[in-house]
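Please read the structure below before turning to the comments.
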Amino acid sequence: MEDVAALVIHARDLHRQSRWAEACDEFLLADHAEPLGVDDLELLAESAQILGRGDDAVRALERVYHARVSAGELDAAVTAGFWLWQALILDGEFARAGGWAARVRQMVAEHPEGHEQGWLLITQAYGQVAAGEYEDAVGLARRAAELGARQGVVDLFAFATTICGRALLKAGRLEEGLGRMDEGMLSVTEGATSPRVTSMLYCSAIATCHEALELGRVREWGRSLDGWLNTLPPLHGAYFGNCRIYRSLLLRLQGSWHAAVEELDDVCIELAEGYGRRVVGHAYYHLAEMHRLLGDVAEAEDAYRRASDYGEPIQPGLALLRLAQGEVGTAVTGMRRALAEAGSDLDRCRLLPDLVTALLAAGEVEEAKRALDELVMVADGFPTAAMRAELAFARAGVALAEARAADALPLLRAAATTWRDLDAPYETAKASVLIAAACRDLSDEEAAVFELRSAAETFARLGALPDLHRVERLLAPGEGAGTHGLSAREMEVLRLVANGKTNHAIASELFLSERTVDRHVSNIFDKLGVRSRTAAATYAIEHHLFVTGLL
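Take 1 as the starting number for the sequence shown in full-length UniProt numbering and just add one per residue.
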C-alpha cells in the first residue's frame with residue numbers, strides 16, 4: 001500500500017514536470033495495483049492524451065466521467081465528457097464521439113439544478129463551423145466564453161474565444177475575428193492554459209490565419225509555438241503532432257524547406273500510428289506541398305494520395321503539380337471541381353488565385369477574368385497584406401495575357417514589395433519572374449535579366465528546383481551568337497518550339513494566352529523565313545541561337 005502511494009506521488013510530480021511519458025507509465029502501474037482516485041485518473045488521462053496513447057486516455061476518461069456523475073460533480077463530469085469527445089474526434093471515431101456528446105447533454109438535462117455547460121457549447125460550435133453555419137457558431141462560442149470568464153475557467157475561456165475568432169474569420173469578419181483570436185491567444189502565450197488546450201489553440205490560430213493569409217500572426221504565433229515546444233520533451237500523438245505540422249509551416253515560410261520535410265516525415269508516421277487519424281491527412285498534404293516545391297514529383301504524388309486516403313482536400317496543390325508537369329487541362333479540371341465544392345468565401349479565396357493561373361496557362365483568358373472578378377469580390381472580406389498581394393499577382397497575370405505589360409508592372413511591383421515586407425522569399429521570387437516577363441514585353445531586356453537572376457538566386461537557396469530550372473531557361477535566350485531579328489520573347493518561344501513543345505504547353509510555361517503564342521510563332525516563321533516548326537527548330541540549331549545544353 002505504501003509503495004503504491006509513493007508511486008502515485010512520484011507520478012504526480014512527473015506530471016507537474018511535463019514528463020508525461022514517465023507519469024503515464026507510473027500512473028498505470030499504480031492503477032494496476034490499486035484503482036486510482038478520480039483526480040489521479042484525470043492526470044493519467046491528460047498524460048496519455050498528450051502522448052497519443054488514445055486507448056489509455058479514453059479508458060481513463062470514461063472512468064472519470066462515471067465517477068464524477070456518481071459523486072454529483074456535474075461540471076467535472078462535463079469536462080471529462082468533452083475530452084472524451086475530443087479524443088474520439090481526433091481519431092476519426094465520429095459515431096462514438098457523437099454518442100458521448102449526446103450522453104453528456106442528456107445527463108445535464110436530467111439535472112435542472114445545474115447551469116449551462118460551456119464545454120458542451122464548444123462541441124456544438126465545432127459542429128456549426130463544420131456545417132458552414134458560422135454566425136450560429138459565433139453565438140455558441142461567445143456564450144461559452146462568457147461562462148468561462150464568469151466561472152474562472154481559463155481553458156474554457158481561451159478555447160471558446162479562439163473558436164469564436166475562427167468562426168468570425170470564416171464568416172468574412174476579419175478584423176473582429178482577429179481581435180477575438182488575439183484575446184484568446186493571450187492566455188496561451190502567457191502560459192495560463194493546460195498543455196492540451198495550449199497545443200490545440202496554437203494549431204487552430206495558426207491554421208486560421210494561414211487560410212486567411214494573415215502571415216504576420218502565422219509567424220508570431222509560429223515562433224511562440226516553437227519556443228514552447230522546445231521547452232518540452234519529445235512528444236507524439238495528435239496534439240503535439242498537429243503542433244509540429246504548424247512548426248513545419250514556420251520553417252517553410254522562413255525558407256528552411258528541407259528541415260520542414262524532415263519534420264513532416266516524422267509527424268506523418270507518428271500520427272498514423274496513434275490517435276491522430278483525423279489530422280494525419282493534413283500532415284500528408286503539407287508534406288506533398290513541400291515535395292512539389294522541391295521538385296520531388298514521385299514523393300509529392302505519393303503524399304497527395306495518402307492525404308486523400310485520409311479525407312484531406314488536395315487542391316490546389318495537386319493542380320499546381322500537374323500544371324508544372326504541363327498537364328494543363330488536368331490542372332484546370334481539378335481546380336474547377338475544388339472550387340465547386342468550396343463552402344466559404346475564405347475557402348474560395350484560397351483556391352481562386354491558382355485557378356486564375358491555371359486558366360491563363362490553358363489560354364482561357366475570359367474564364368480567368370471571371371475567376372479574377374470573383375476573387376476581387378470575396379477577397380474584400382479578407383483585406384490582409386498577403387491577400388492583396390495575391391490579388392495583384394492575379395490581376396497582373398491577366399494583364400500579361402492580354403498583352404498589357406505596362407498595366408501589369410505596377411501590380412507586380414506592389415505584390416513583390418508586400419511579399420518582401422512579409423519576409424516571404426519564394427513568393428517574392430515568383431513575382432520577380434513575372435516582372436521579368438513584363439519587362440521583356442516592353443523590350444527592357446536588361447531589367448528582365450536582373451529580375452530573373454534575383455529570382456534564380458532565391459530559388460537556388462530554397463531548393464525550389466522546378467522554378468530554378470524554369471528561370472534558367474528564361475535566361476538562356478540571347479546568350480548565344482545573335483538573335484537573328486527575334487525579340488527576347490520570340491527567342492523564348494523558339495527555344496520551346498525547338499524542344500518539341502506545343503503552343504498550348506508554351507502558353508502554360510510562359511504564362512501567356514495561346515493566342516499570343518500563336519502570334520509569336522507566326523512572327524518567328526516570318527523573320528526566319530521558314531514555314532514549319534521543324535524548320536524553325538533546325539534553323540535555331542544550325543545557327544547556334546542557344547547556348548549548348550540550355551536548349
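Glycine included, each C-beta is placed from N, C-alpha and C at the ideal position.
Note that the coordinates shown come from a computational prediction; the quantities given were computed from them, not determined experimentally.
Under the rule that a run must span 4 or more residues, the alpha helix (DSSP H) segments found entirely inside the segment 349-412 read 365-379, 385-401.
Annotation: D444 is outside any alpha helix (DSSP H) and is labelled neither H nor E by DSSP. In the DSSP annotation of this structure, the continuous segment of the alpha helix (DSSP H) that includes H210 starts and ends at 195-211. In the three-state scheme derived from DSSP, where H, G and I count as helix and E and B as strand, F157 is classed as helix. Burial is judged here by how many other beta carbons sit within 10 angstroms of a residue's own beta carbon; Q117 has at least 16 and is buried.
Judged by DSSP secondary structure, H469 falls within the alpha helix (DSSP H) whose first and last residues are 465-475. The three-state secondary structure of I245, taken from DSSP, is helix. Taking a C-beta distance under 7 Å as the contact criterion, T162 and G184 qualify as a contact pair. In this structure, the alpha-carbon of W221 lies about 28 Å from that of R413. DSSP places Q325 outside both helix and strand once states are collapsed to three, so it counts as coil. Its chain contains R166, L169 as the residues whose beta carbon lies nearer than 6 Å to that of T208, once the 5 sequence neighbours on both sides are disregarded; these appear in chain order. Taking a contact as a CB-CB distance under 8 Å, the pair D354 and A319 counts as one, their CB atoms being some 6 Å apart. Distance check between R247 and each of A460, I122, D373, E263 places E263 closest, using alpha-carbon atoms only. A Cβ-Cβ separation of about 6 Å places L512 in contact with A401 under the 8 Å criterion. The continuous stretches of alpha helix (DSSP H) do not include V530, and DSSP gives it neither H nor E.
The beta carbon of W83 sits closer than 6 Å to those of L61, all from its chain and outside the five residues before and after it, given in chain order. In this model, P316 and D380 are separated by some 21 Å (Cα to Cα).
Less than 7 Å separates the beta-carbon of L140 from that of L121. Under a 10 Å Cβ-count criterion, E366 is classified as exposed, with fewer than 16 other Cβ atoms of the shown protein chains found around its own Cβ. In this structure, A57 sits near A45, with a CB-CB distance shorter than 7 Å. Sequence-distant partners of V376 (beyond 5 residues in either direction) whose C-beta falls short of 7 Å from its own C-beta, in its chain, are L391.
Short of 6 Å from the beta carbon of L174, and not among the five residues preceding or following it, lie these beta carbons of its own chain, in chain order: F382.
Excluding residues up to 5 positions away in sequence, V4, L7, V8, A11, L36 lie with their Cβ nearer than 7 Å to the Cβ of A30 in the same chain. By the C-beta density criterion, G397 is buried, having at least 16 other C-beta atoms within 10 angstroms.
Comparing alpha carbon positions, the residue from L486, E492, S487 closest to E472 is E492.
The residue from S443, R453, A371, R16 with its alpha-carbon nearest to that of T428 is R453. Around the CB of L186, fewer than 16 other CB atoms lie within 10 Å, so the residue is classed as exposed.
DSSP places F27 in the uninterrupted alpha helix (DSSP H) bounded by 20-33.
Proximity of the segment 296-303 to the segment 94-113 falls short of the contact definition, fewer than three beta-carbon pairs being nearer than 8 Å. For the alpha helix (DSSP H) assignment, the uninterrupted runs of no fewer than 4 residues enclosed by the segment 247-312 are, from N- to C-terminal side, 257-273, 277-294, 297-309. For G343 against Y310, the beta-carbon gap comes to about 19 Å, at or over 8 Å, which does not count as contact. A direct Cα-to-Cα measurement between V69 and V38 gives close to 11 Å. Excluding the 5 residues flanking it on each side, A408 has same chain C-beta neighbours closer than 6 Å at A396, A399, L400, A438, in chain order. R531 and R489 have their alpha carbons spaced roughly 19 Å apart. When the beta-carbon positions are compared, C349 and V328 stay at least 7 Å from each other.
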